[in-house]
Amino acid sequence: MHSVKEKLPGLLLCLVIALPCWYLGKLFPVIGGPVFAILAGMVITLILTDKSHVQAGIAYTSKKILQYAVILLGFGLNLSEIAKVGAQSLPIICSTIATSLIISFVLYKLMKMPANISTLVGVGSSICGGSAIAATAPVIGADDEEIAQAISVIFLFNVLAALIFPTFGGAIGLSNEGFGLFAGTAVNDTSSVTAAASTWDTLHGTNGAVLEYATIVKLTRTLAIIPITLFLAFWRTWQVKKGGNTSSGTFSLKKIFPFFILFFVLASIITTVATSNGVSASVFSPLKELSKFFIILAMAAIGLNTNIVKLVKTGGKPIFMGLCCWVGITAVSLGMQHLLGLL
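Its first residue numbered 5, the sequence shown is counted upward by one per residue in the numbering used here.
#1: Using three-state DSSP, classify C328 as helix, strand or coil.
#2: Buried or exposed: which applies to M115, given that a residue is buried once 16 or more other Cβ atoms fall within 10 Å of its Cβ?
#3: Am I right that T140 and T233 are in contact with their C-beta atoms under 8 Å? What's the rounded C-beta distance?
#4: Do you know offhand how far K317's Cα is from M303's?
#5: Using 10 angstroms around the beta-carbon of T254, count the other beta-carbons present and answer buried if the total reaches 16, otherwise exposed.
#6: Are the C-beta of W330 and some C-beta of chain C separated by less than 9 Å?
#7: Going along the chain, which residues of its own chain have a beta-carbon closer than 7 Å to the beta-carbon of M340, five neighbours each way excluded?
#8: In the structure shown, what three-state DSSP assignment does T210 receive?
#9: Output the distance between the C-alpha atoms of L81 and L50, rounded to the nearest integer angstrom.
#10: Do you know how far the Cα of F268 is from the Cα of V191?
#11: Would K222 be called buried (16 or more neighbouring beta carbons within 10 Å of its own) or exposed?
#12: By a C-beta neighbour count over all protein chains shown, 10 Å radius and 16 as the cutoff for buried, is I69 buried or exposed?
#13: Assess contact between the segment 129-140 and the segment 171-178, defined as three or more Cβ pairs (one per stretch) separated by less than 8 Å. Is contact present?
#14: Out of L308, G319, S84 and G184, state which residue places its alpha-carbon closest to the alpha-carbon of N281.
#15: Is the Cβ-Cβ distance between L338 and F186 less than 9 Å?
#16: If I measure Cβ to Cβ from N162 and keep anything under 6 Å in the same chain, skipping five residues before and after, which residues do I get?
#17: Whole angstroms are fine: how far does the CA of V110 sit from the CA of I144?
#18: Going by CA-CA distance only, name the one from L17, G188 and P290 that's closest to A91.
#19: As an exercise, report each continuous alpha helix (DSSP H) stretch of at least 4 residues that is fully enclosed by the segment 172-197, in chain order.
#20: For W330 versus S135, is the C-beta spacing smaller than 9 Å?
#21: Three Cβ pairs or more, each shorter than 8 Å: is that satisfied between the segment 14-27 and the segment 38-56?
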């Protein structure tokens with residue numbers, strides 16, 4: 005266990021990287037602060053060859069701060085609002101999540117890809133991009149390079165979706181509600197959902213209505229973090245008991261149980277109860293912003309622990325998996341809308 009004094013240099017280094025990346029993320033929301041932070045960390049680590057004096061803080065930031073970010077994410081979830089508006093989207097959400105996870109599992113088997121990368125790309129594609137990866141990584145014991153690889157893949161298809169989907173949705177004749185549902189279920193990351201829905205609102209003069217609807221659908225999707233991470237925790241324990249191939253040795257469920265997910269649930273319950281009793285949702289806005297900044301901070305640390313050369317060399321298969329998940333989710337989202345008579 006490292007002391008605060010030992011962690012401080014690494015924490016400060018991550019902070020110095022995260023602050024300008026947070027600002028750049030505001031300027032270029034389609035890319036987002038986390039991607040800027042990972043890239044900056046990877047470039048800096050090429051120059052900073054001896055990281056021994058900052059490694060303790062980097063490790064703490066990439067693991068613990070990442071979990072704190074997920075906990076704070078819960079303050080952005082109003083469960084009663086999700087229950088009202090998100091119920092209609094639930095069949096589509098379940099279908100797209102199942103599609104992505106099945107595709108990633110099949111390709112993991114066929115292409116003999118690393119299990120952690122496959123899990124992170126599948127979960128990141130199906131639920132909520134970087135936030136889902138942040139929640140899942142500690143549960144499956146993913147290392148920083150695996151997290152960086154998955155984030156990079158998700159980022160690529162986030163950008164494509166944000167740029168292509170508004171025009172594509174118009175070309176196939178989606179209604180405002182249909183596009184909101186499409187964006188909320190088929191775009192990976194919240195920032196890219198926001199970008200795509202905002203573009204639609206601007207093109208069709210809907211005064212922000214599609215953005216609001218797509219965001220609620222997306223937040224409903226975010227709740228899938230809870231069952232997915234719990235399932236993975238039990239699965240990982242079962243693998244060890246059965247003598248499965250893991251790199252973590254013998255451990256108990258108690259050691260790997262994602263307790264931070266329980267705090268995430270508690271944060272969302274606090275928000276729901278408070279807002280239903282007249283507390284303005286804006287009270288929780290600073291905590292939501294802090295969550296986003298903590299993710300950027302953690303991604304800076306992950307970038308510092310990532311070999312960019314190795315990342316590029318091994319990127320082909322994960323990108324192909326991400327593409328297949330993206331295409332599958334897009335097709336199922338539109339197909340389910342058609343089947344349910346929502347198009």
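We put the beta carbon where it would ideally sit given N, CA and C, even for glycine.
Here's the rundown:
#1: Collapsing the DSSP output to three states places C328 in a helix.
#2: Using a 10 angstroms sphere on the CB of M115, the tally of other CB atoms stays under 16, which defines it as exposed.
#3: 6 Å
#4: 20 Å
#5: Here the model assigns T254 a pLDDT of 46, short of 50, so the residue's position is not dependable and the matter cannot be decided.
#6: The structure shown contains no chain C; it holds only a single protein chain.
#7: P95, I96 and S99
#8: coil
#9: 39 Å
#10: Their backbone Cα atoms lie some 22 Å apart in a straight line.
#11: buried
#12: buried
#13: The segment 171-178 and the segment 129-140 do not touch, with fewer than three beta-carbon pairs separated by less than 8 Å.
#14: It is S84.
#15: yes
#16: Contacts found: N192, D193 and S196.
#17: Cα to Cα, I144 sits roughly 19 Å from V110.
#18: Residue G188 is the option with its Cα nearest to A91.
#19: 180-190
#20: no
#21: yes
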